[in-house]
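Asks: For reference, the structure I am asking about is given below.
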Amino acid sequence: MVGVSSKKAAIKVGVLALQGAFARHQKVFHELSVDAIEVRTPANLEKVDALVMPGGESTTMSQLLESSQLFEPISRRLKEGLPVFGTCAGMILLSRTILDGRADQLSFDAINIDVQRNAYGRQIDSFEADIKIDSLDQPFHAVFIRAPRIVSLGSGVTPLAYCGDDVVLARQENVLVASFHPELADDVRLHELFLKGV
Ligand code: GLN
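Just so we're aligned, residue 7 is where the sequence shown starts under this note's numbering, counting upward by one.
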């Protein structure tokens, strides 16, 4: 296990748990001794100081965000500065524009990026790569699963890591996004990086 250092017991992180890969994110926060609760309702959301939007299926998550009545309160908290970490499908949900999405698919427009869904191919084209991340000494093992590609970055967005020519980790103020699955790497450093901004 790489990088277990900070203990931020006072912070309560929420992991959006409507669908997808939320359980492994919770496990990483528990390894960091950070309280991480599942967010499924507006009442859950009120309790958290930061939020993770996990990987999964962004079209399904979009529907569930509406039916659970979470879309509006999350949107409001994001505008108020709620720190959020969107990974893979979570990045899609936070983006400004979704290419190859469903016509009725919603996004929060919380970070100035345009993303293309499934841009690296289908499930069998999933891949792994060691990437260099600004501010981390050692490379990070990134797992890409039917990953979205950031096809353009607008003003205010800072790229933090590349895979080939593509930006795969980026930040704009309170919003951090990764096109890969950091919770699958057995490495807590990206979650620590996120918590530093909380
Ligand atoms: N392709 C998925 C989507 O569009 C994202 C894949 C993932 O989160 N691993 O939502």
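Cβ atoms here follow ideal geometry from the backbone N, Cα and C, with glycine treated the same way.
Here the structure is a predicted model, which means the values were calculated and not measured.
Considering Cα atoms alone, identify which of A27, L84, D41 and G162 is closest to E63.
Replies: Scanning A27, L84, D41 and G162 for the CA closest to the CA of E63 turns up A27.
Asks: Contact check, S101 vs I119 under 8 Å by CB: the rounded distance?
Replies: 5 Å
Asks: Buried or exposed, going by whether 16 or more other CB atoms sit within 10 Å of the CB of V21?
Replies: buried
Asks: At which residues does the alpha helix (DSSP H) containing S81 begin and terminate?
Replies: F77 to K85
Asks: Is E37 buried or exposed, if buried means 16 or more other CB atoms sit within 10 Å of its CB?
Replies: exposed
Asks: Tell me whether P154 counts as near the ligand SAH, meaning its Cβ is closer than 8 Å to at least one heavy atom of that ligand.
Replies: The ligand content of the structure shown is limited to the ligand GLN, which means the ligand SAH is not among them.
Asks: According to DSSP, which residues form a beta bridge with F150?
Replies: F133
Asks: Flag G62 as yes when its Cβ comes closer than 8 Å to any non-hydrogen atom of the ligand GLN, and as no otherwise.
Replies: yes
Asks: In its own chain, which residues sit with a C-beta less than 6 Å from the C-beta of Y147, not counting the 5 before and 5 after it?
Replies: Before going further, note that residue 147 is His rather than Tyr in the sequence given. Non-local C-beta neighbours of H147 in its own chain, meaning closer than 6 Å and more than five positions away in sequence, comprise D136 and A191, ordered along the chain.
Asks: Got a sec, what are the start and stop residues for the alpha helix (DSSP H) S202 sits in?
Replies: Per the sequence shown, the amino acid found at residue 202 is Lys instead of Ser. That run of the alpha helix (DSSP H) goes R195 to K202.
Asks: Any heavy atom of the ligand GLN within a distance shorter than 8 Å of the CB on I139?
Replies: no
Asks: Could you check which residue in F200, R123, Q178 and G162 has the C-alpha nearest to that of S185?
Replies: R123
Asks: Helix, strand or coil: which one does DSSP assign to S73?
Replies: helix
Asks: Helix, strand or coil for F186 per DSSP?
Replies: coil
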